[in-house]
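Student: Pasting a structure here, questions to come.
Residue numbers (the UniProt record's numbering): 1 to 368.
As structure tokens, this is what we get:
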């Protein structure tokens, strides 16, 4: 008799560190001999996270074009495709960072329709500290109340809250956030950890040995507020090829794209939900990649993965989620691409550019 597949869904707001955490967790599970597969999710194709995970040798399928809840069959098809190749022991699922209500629209419908095939582990949500400190204290995190509504609903439906980036926080900050979370969201297990360093990952691993709790009722969600909160963000995915007669540092390109855009967003007062750029010297998944990112307006550009590579050709995948009209966001990104091309004496070819506001969530199923 086949053992059920472990289904672990890890949510959290844009820029919380979900992908880094999932990669660490996948590698730990794989080191124990488990076959691990990952499903990523985005509103459009060209997702940095998918390419980043693949570059680390992980097995990934992407559900693009809508969130998991609005494309339930896309999620189950992605998992079935894994099974057709080699049945996974564990599936890690990373939903879109602006999504909530995932227990009612994903977890419970899976249990109802797929029976004994999966065992569901507790639903964990990664807390982004910079926005969390502002929102939990009532100061506001640079977004409207409707966008903050999504942030809070994510925490409300969690069983486990993962207080991430403790390597960047003081002990006093960690303690204050824990107290606010325990007061405002009682009954959740709060685990301070660092996806970057792996600190306290063993505590999370232990928590995932248990099963998801039974829900007597589903969380109430105002879909009008939810839709307005998501639509506040301009969403952009772009893929651009750079070609130069002279070699340049791949890390210079990824950092330059993010940092130039960071400065422009600051001047516009446009709060980033997340900005991430992945650059590679060619299209193969096993070549070194360079990844730079920005998580909010109070932060600096970070080179999260350095390639140390010089090249004359590069592919840049740009993902931006910003409180800015999509048309304006497109204009800013195009100007930054042109600026970096001039700086590197390179020609460019944009092979993909999608820019939009997310549409109203229309779940395939919703349990009540």
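Don't be surprised by glycine CBs; every beta carbon is placed ideally from N, CA and C.
Going by DSSP, what residue range makes up the beta strand (DSSP E) through residue 120?
Tutor: Residue 120 -> beta strand (DSSP E) spans 118–120.
Student: Would residue 277 and residue 307 be called neighbours here (beta carbons separated by less than 9 Å)?
Tutor: No, they are not a contact pair.
Student: Return the residue from the list 359, 8, 24 that minimises the CA-CA distance to residue 201.
Tutor: Among 359, 8, 24, the Cα nearest to that of residue 201 belongs to 24.
Student: Return the residue from the list 317, 14, 290 that minimises the CA-CA distance to residue 305.
Tutor: Answer by Cα proximity: 290.
Student: Thinking C-alpha only, which one of 77, 348, 264, 120 is nearest residue 244?
Tutor: Nearest C-alpha to residue 244: 348.
Student: Are at least three pairs of beta-carbons, each pair with one atom in the region 84–95 and one in the region 127–146, less than 8 Å apart?
Tutor: No, because fewer than three Cβ pairs between the region 84–95 and the region 127–146 fall closer than 8 Å, the two stretches do not touch.
Student: Pull up the distance between the alpha-carbon of residue 371 and that of residue 26, whole angstroms please.
Tutor: Shown here, the chain extends from 1 to 368; a query on residue 371 therefore has no answer.
Student: In angstroms with no decimal places, state the Cα-to-Cα distance between residue 56 and residue 92.
Tutor: Each residue's alpha carbon lies about 15 Å from the other.
Student: First and last residue of the alpha helix (DSSP H) that includes residue 135?
Tutor: 129–137 is the extent of the alpha helix (DSSP H) around residue 135.
Student: So what does DSSP say about residue 156, is it helix, strand or coil?
Tutor: If DSSP states are grouped into helix, strand and coil, residue 156 belongs with the helices.
Student: How is residue 294 classed by DSSP in three states: helix, strand or coil?
Tutor: Three-state DSSP puts residue 294 in a strand.
Student: Please list, in chain order, all residues of the same chain as residue 225 whose beta carbon is under 8 Å from its beta carbon, the five residues on each side excluded.
Tutor: Counting only Cβ-Cβ distances below 8 Å, and skipping sequence neighbours, we find 146, 149.
Student: Would the region 147–167 and the region 224–240 be scored as touching if the rule is three or more Cβ pairs under 8 Å?
Tutor: Flag = yes, the region 147–167 and the region 224–240 touch.
Student: Of all the options 366, 295, 320, 167, which has the alpha carbon lying nearest to the alpha carbon of residue 353?
Tutor: Per the Cα distances, 320.
Student: Report buried or exposed for residue 158, applying the criterion of at least 16 other Cβ atoms within 10 angstroms of its Cβ.
Tutor: Looking at its Cβ environment, which holds 16 or more other Cβ atoms inside 10 Å, residue 158 is buried.
Student: I need the boundaries of the beta strand (DSSP E) containing residue 13, first residue and last residue.
Tutor: It is not in any beta strand (DSSP E) - residue 13 carries neither H nor E in the DSSP assignment.
Student: First and last residue of the beta strand (DSSP E) that includes residue 355?
Tutor: That run of the beta strand (DSSP E) goes 346–356.
Student: Can you tell me whether residue 395 is helix, strand or coil according to DSSP?
Tutor: Outside the displayed span of the chain (1 to 368) sits residue 395, for which this structure offers no information.
Student: Within 10 angstroms of the Cβ of residue 112, are there 16 or more other Cβ atoms? Answer buried if so, exposed if not.
Tutor: Flag for residue 112 reads exposed.
Student: Any idea if residue 327 is buried or exposed, counting beta-carbon neighbours within 10 angstroms, 16 or more meaning buried?
Tutor: Per the 10 Å Cβ criterion, exposed.
Student: Of the choices 342, 318, 365, whose alpha-carbon is the least far from that of residue 46?
Tutor: That would be 318, whose Cα lies nearest to the Cα of residue 46.
Student: Determine the direct distance from the alpha carbon of residue 14 to that of residue 190, and round the result to whole angstroms.
Tutor: Roughly 19 Å separates the two Cα atoms.
Student: Quick check on the burial criterion: 16 or more other C-beta atoms within 10 angstroms. Buried or exposed for residue 36?
Tutor: Residue 36 is buried by the Cβ-count criterion.
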